[in-house]
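Participant:
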Amino acid sequence: PVETVEQMREALKKSTSKAARESDLVVYPDAGHGFNADYRPSYNKEAATDGWNRLQAWFKKYGAA
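Note that the numbering used here has the sequence shown beginning at 687, numbered continuously upward.
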């Protein structure tokens with residue numbers, strides 16, 4: 687639910703971790719659960735590509751925990 691996403695965003699903003707504070711949650715309206723699994727009918731190439739690029743950029747900037 688959108689309310690849960692907003693609660694998670696607020697929690698990230700209040701974090702003591704810079705990486706968490708500068709993180710964002712992206713909701714892809716046309717992408718369902720499993721949208722990144724290219725072997726599933728729910729695969730959404732546009733959302734998967736964007737999500738993967740965002741993930742890689744985040745790890746490049748903040749590293750792995």
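Note that CB positions come from ideal geometry on N, CA and C, so glycine has one too.
What is the DSSP secondary structure of Asp710, reduced to helix, strand or coil?
Facilitator: coil
Participant: For Asn739, does the count of other Cβ atoms within 10 angstroms reach 16, so buried, or fall short, so exposed?
Facilitator: exposed
Participant: Give a yes or no on whether the C-beta atoms belonging to Phe745 and Ala733 are separated by under 8 Å.
Facilitator: Using a Cβ distance threshold of 8 Å, Phe745 and Ala733 do not count as a contacting pair.
Participant: Please report the distance separating the alpha-carbon of Gln742 from that of Asp736.
Facilitator: Near 10 Å, if we compare the C-alpha coordinates of Asp736 and Gln742.
Participant: Can you tell me which of the three DSSP states Phe721 falls into?
Facilitator: coil
Participant: With distances taken Cα to Cα, identify the nearest neighbour of Pro715 among Ala697, Arg707, Asn730 and Ser703.
Facilitator: When only C-alpha atoms are compared, the closest one is Asn730.
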